[in-house]
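Scroll down for the structure; my scribbles are underneath it.
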Ligand code: MRU
């Protein structure tokens, strides 16, 4: 047996000061900085700039953002507060388009608001705080449960490839795709994790390699274009990734490059699992074509990581932040309620009934 793994919490509320404490994921691994945010504009900016990132963590931050924004309202009636609440909700919804957890959390906050109908503004604000805290606390349990189900399809000593960062800092705790790695580490499973660096923002290199190394996991960093060779050399027995939105048919939006990894996994006959809390499954999207893919600034490709430009000045760029992995490439979608297998149009809706 290994030792209990200590994992970092990247999003939490400092209740006393009504401050959202966020681990700034843009400066890792060189600096560990916790931001103290009091304004919803700061929360919007933190989401847009990827200071807080990863679908579940974005949802949690948005819940707290709603609380911080609505708390500033001076409305003295329930209806007046609701008008201000709706502006806060709409504003935060414009921060990033792809991760459905953002919209899921905002809608959940609205449901809670409506459930408090007739209460005083002070009571409603207290309820919003409670709901945001619940979203965070539940995510911890959800990730642990995903980790247990995922662990049931893995064997000790396996090589596992992951793309981007679906780890503890992308959630309340444990992560989704990395949850079984942490649980396995505690049981002495001795996984060998291969982390794709994940161009252009290097979530794999800066975040996944960092958090797994800190936890004592055997992690090897590779460039994105090395996934094929490690698979061919027999180093990988399973691929585990997180996701930002899963459509009803199982098509899955995740960090750009994920679909390429899935195509490679199919070629080499390696199981490819998506780890997805139910809050990331959007049954209103029938297929991946319905998922809005975020486009990001060209500087992320041309000038982000070196002092000198990384490409000719004014070169045309195309920088989609996510891609959609076709459901036919996915072995299973691991949720907190169990593992969904094809046909996903049947198995995914079933998960919501459990
Ligand atoms: O642009 P990012 O860093 O927010 O993208 C994150 C991902 O693609 C993650 O894999 C996904 O959100 C799942 S996090 C548990």
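Numbering (my numbering), first residue to last: 8 to 361. Where is the CB? At the ideal position from N, CA and C, for every residue including glycine.
Cβ shell of residue i (< 7 Å), same chain only, five flanking positions each side left out
i           : result
residue 66  : 108, 109, 111, 112, 142 and 286
residue 309 : 316, 317, 318, 322 and 324
residue 314 : none
residue 140 : 20
residue 252 : 105, 106, 107, 260, 287, 289, 292 and 298
residue 131 : 85, 88, 120 and 123
Strand pairing of residue i, partner residues [DSSP]
i           : result
residue 43  : 28
residue 339 : 280
residue 302 : 327
residue 60  : Residue 60 is not bridged to any residue.
residue 260 : 252 and 331
residue 164 : DSSP output for residue 164 lists no bridge partner at all.
residue 199 : 166 and 225
residue 246 : 168 and 279
residue 289 : 254
residue 18  : 29
residue 347 : 340
Chain-order list of residues whose beta-carbon lies under 6 Å from that of residue i (same chain, five-residue window excluded)
i           : result
residue 36  : 213 and 217
residue 196 : 163
residue 256 : 294, 334, 351 and 352
residue 340 : 281, 283 and 347
Buried or exposed (CB count within 10 angstroms, at least 16 for buried), residue i
i           : result
residue 284 : buried
residue 180 : buried
residue 359 : exposed
residue 146 : buried
residue 334 : buried
residue 274 : exposed
residue 41  : exposed
residue 204 : buried
residue 343 : buried
residue 266 : buried
residue 51  : buried
Beta-carbon proximity of residue i to residue j, cut-off 7 Å
i           : j           : result
residue 165 : residue 56  : no
residue 219 : residue 187 : no
residue 153 : residue 250 : no
residue 272 : residue 246 : yes
residue 72  : residue 177 : no
residue 210 : residue 172 : yes
residue 14  : residue 29  : no
residue 77  : residue 95  : yes
residue 199 : residue 225 : yes
residue 27  : residue 44  : yes
residue 59  : residue 68  : yes
residue 336 : residue 269 : yes
residue 116 : residue 75  : no
residue 182 : residue 215 : no
residue 202 : residue 228 : yes
residue 258 : residue 160 : no
8 Å CB neighbourhood of residue i in its chain, flanking five on each side removed
i           : result
residue 134 : 119, 120, 122, 123 and 126
residue 103 : 54, 55, 65, 109 and 301
residue 299 : 104 and 105
residue 356 : 255 and 290
residue 345 : 156, 358 and 361
residue 2   : Nothing about residue 2 can be read from this structure; the chain reaches only from 8 to 361.
residue 192 : 9, 12, 198, 222, 223 and 224
Please give the ranges of any alpha helix (DSSP H) in the segment 106 to 172, keeping only runs that are unbroken, at least 4 residues long and fully inside the region. Every unbroken stretch of the alpha helix (DSSP H) spanning 4 or more residues and falling wholly within the segment 106 to 172 is given here in chain order: 107 to 122 and 128 to 158.
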